[in-house]
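Numbering-wise (the working numbering), the sequence shown opens with residue 23 and increments by one.
Backbone N, C-alpha and C define an ideal beta-carbon position, used for all residues, glycine too.
If you're wondering where the values come from, they're calculated on a predicted model, not measured in any experiment.
These notes are about the structure you will find just below.
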Amino acid sequence: MSKFLKEHIEFYRQFRSHFQTTGAIAPSGRFLAKAIIKPMANRDEPARILEVGPGTGSFTKQIVKQLRPGDQFDLVELNDAFADMLNHLFETDPSFQQWSSQSKVHVCPIQEFESDEPYDYIISGLPMNNFSPEVVTEIYEAFERLLKPRGVLTYFEYMCVRPIRRVVSTPNERTRIREIDEVISNYLGRYRFRKNWVFANVPPAWVQHLQFTDA
Ligand SMILES: C[S@@+](CC[C@H](N)C(=O)[O-])C[C@H]1O[C@@H](n2cnc3c(N)ncnc32)[C@H](O)[C@@H]1O
């Protein structure tokens, strides 16, 4: 069986057993991965890079292509099965192996992750629309705590999901979506400096770029 198929099957299995935190039925595509890693690919100096919610490694594969000597690459993944797959890649896949001494997979929720030093780049694949407003707030607080003042946070969200879910959901669900929309819009309004549209992904996605410095 091809690697591609294995990854998709495992991702779907995890979606079935951990629907809320997996948040998608399939890993992100190559075009989205390339758009999301752009800020770290355009740098001149060694950097500290944090990937949050790597899953089966769609973004990780593009990140390792951009790593250089002197970089530190940390990955924070909640799900043990995904963390095992990523560790296996760092042990066996030549494009990952060469960076294994500079990389570490941490198995915990990002809200509980501690680091001695903040990061230059955070790349997140978390399915924010599946969480409670309290968890979304905690996750943004973790991003602020973990990012350097001039560091860049990049994450994606599927296009128009919240507006659609606000119309078609039950009243309780509508309230939850409205509340997380308030948290997210507040952060985007204050800190977003760029937004990319990626239509070549299923479903199409926006890539949001933030810096936690008031304009
Ligand atoms: C939508 S999947 C994205 C996977 C991959 N980045 C991609 O785009 O294909 C979300 C990932 O976030 C992980 N996750 C969910 N909540 C998390 C949390 N609080 N901390 C760390 N990882 C989390 C899930 O286990 C899953 O791997």
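Annotation for SER207: the continuous alpha helix (DSSP H) segment containing it runs 193-213. For ILE47, no beta strand (DSSP E) segment is defined, and its DSSP state is neither H nor E. In the structure shown, PRO140 falls within a coil segment according to DSSP collapsed to helix, strand and coil. Relative to ligand 1, the nearest heavy atom lies less than 7 Å away from the CB of LEU148. As computed with DSSP, TRP219 is found in a beta bridge with TRP228. In its chain, beyond the 5 residues on either side, TYR162 have a beta carbon closer than 6 Å to the beta carbon of TYR209. For secondary structure counted as the beta strand (DSSP E) over 3 or more consecutive residues, the region 61-117 holds these complete runs in sequence order: 70-74 and 94-99. Around the beta carbon of MET62, 16 or more other beta carbons lie within 10 angstroms, which makes this residue buried. Between PRO76 and GLU113, the C-beta spacing is not below 8 Å. Under DSSP, THR176 forms a beta bridge with ILE145 and HIS231.
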